[in-house]
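Comments concern the structure below.
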Amino acid sequence: MTEFTKRFYTSIFLIIALILSIFNQIILTSFLILCLFQMFFEFYCMLKKILFKKKKLLLLISFIILLLLSYISLYVWLSFLDSQNDDQMYLLFIIIVAISSDIGGYLFGKTFKGKKISKISPNKTYSGMFGSYILSIVISLIIFKNFLNIYELIILSIIISTFSQIGDFLVSFIKRKAKLKDTGKILPGHGGLLDRFDSLILSIPVGSIMVMII
């Protein structure tokens, strides 16, 4: 099985699991708590490798920020579940756009390659960044065309994709400092949970604020 095939099937499994659990608060809460514990463990393992090297204060600050954002995301997620169906659809919209952004970046980056974005994450390319925006917009227009108007979908998709990529950059930066390719091995084709959900760390809280404004 190729790396892309593993990544594809793992993504499908995660999307189905999220959709099934999003409308059941008990299952979702348990799922999120387990995911958070696993992500914190992966982050702890990375920090162990670099905490006593240079810039340890920066890394400690990054850890605190990640921790706070994770809890904010969890709070926002559970708050949406206690709300009306439209709010649950907004949450589903944010998650699908963020995941589409991640997949688009991977597909376009692997296919077109091109110039690298920065020293923070040398594997990221401008073609991948462009692909993140394209796929997130296309998927949102296909799935949620009857939920929001086209302008709202495009604007929200761009914002969510942007912060999805920033979250990815943050984790990639820390992985590079720890000299690790992946944060873990729990997900075939992806690595650790943090490799998969890094795009949600910022996109959920920021996306939630934006849908409230719109």
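To convert, note that position 41 of the sequence shown is 377 in our numbering; the numbers rise steadily by one, no gaps.
Think of the CB as a built atom: it goes at the ideal place given N, C-alpha and C, for glycine as much as any other residue.
Exercise. Who are THR461's beta bridge partners in DSSP?
Worked result: According to DSSP, THR461 bridges with LYS452.
For this session: Can you tell me which of the three DSSP states GLY520 falls into?
Result: In this structure, GLY520 counts as coil in the three-state DSSP scheme.
Exercise. Anyone know if the C-beta pair for ILE495 and SER476 falls short of 9 Å?
Worked result: With respect to SER476, ILE495 sits apart: the two C-beta atoms are not nearer than 9 Å.
Exercise. In angstroms, rounded to a whole number, what distance separates the CA positions of LYS384 and GLU488?
Worked result: Near 43 Å, if we compare the C-alpha coordinates of GLU488 and LYS384.
For this session: With a 10 Å radius around its C-beta and 16 neighbouring C-beta atoms as the bar for buried, classify TYR380 as buried or exposed.
Result: TYR380 counts as exposed, since fewer than 16 other C-beta atoms from the protein chains shown sit within 10 angstroms of its C-beta.
Problem set entry | Given PRO541 as reference, the closest of TYR442, LYS451, ILE352, ILE430 once Cα atoms are compared | That would be ILE430, whose Cα lies nearest to the Cα of PRO541.
Exercise. Which residue comes first and which comes last in the alpha helix (DSSP H) that contains ILE491?
Worked result: In the DSSP annotation of this structure, the continuous segment of the alpha helix (DSSP H) that includes ILE491 starts and ends at 486 to 514.
Problem set entry | Beta-carbon spacing of ALA434, SER508 below 9 Å | Against a cut-off of 9 Å, the Cβ pair of SER508 and ALA434 comes out as no contact.
For this session: Helix, strand or coil for GLY528, going by three-state DSSP, please let me know.
Result: Coil.
Exercise. Roughly how many angstroms lie between the CA atoms of GLY445 and SER436, to the nearest whole one?
Worked result: Cα to Cα, GLY445 sits roughly 14 Å from SER436.
Exercise. For SER440 versus SER468, is the C-beta spacing smaller than 9 Å?
Worked result: Checking the displayed sequence, the identity of residue 440 turns out to be Gly instead of Ser. Remark: C-beta atoms of GLY440 and SER468 approach each other more closely than 9 Å.
For this session: Count the other CB atoms, across all protein chains shown, that sit within 10 Å of the CB of MET382; report buried if there are 16 or more and exposed otherwise.
Result: With 16 or more Cβ atoms within 10 Å of its Cβ, MET382 is classed as buried.
Problem set entry | Rounded separation between ILE478 and ILE386 - CA only | Each residue's Cα considered, the two are about 43 Å apart.
For this session: Out of GLY543, GLY527, SER539, state which residue places its alpha-carbon closest to the alpha-carbon of GLN374.
Result: Minimum Cα-Cα distance from GLN374 among the listed residues GLY543, GLY527, SER539 corresponds to GLY527.
For this session: Tell whether a beta-carbon distance below 9 Å holds between GLU519 and LEU536.
Result: First, the amino acid is wrong: residue 519 is Thr here, not Glu. No, they are not a contact pair.
Problem set entry | Assigned exposure category for MET548 - 16 Cβ within 10 Å defines buried | The residue is exposed, with fewer than 16 neighbouring Cβ atoms inside 10 Å.
Exercise. By the 10 Å Cβ neighbour count, where 16 or more other Cβ atoms means buried, how is LYS511 classified, buried or exposed?
Worked result: So LYS511 ends up on the buried side.
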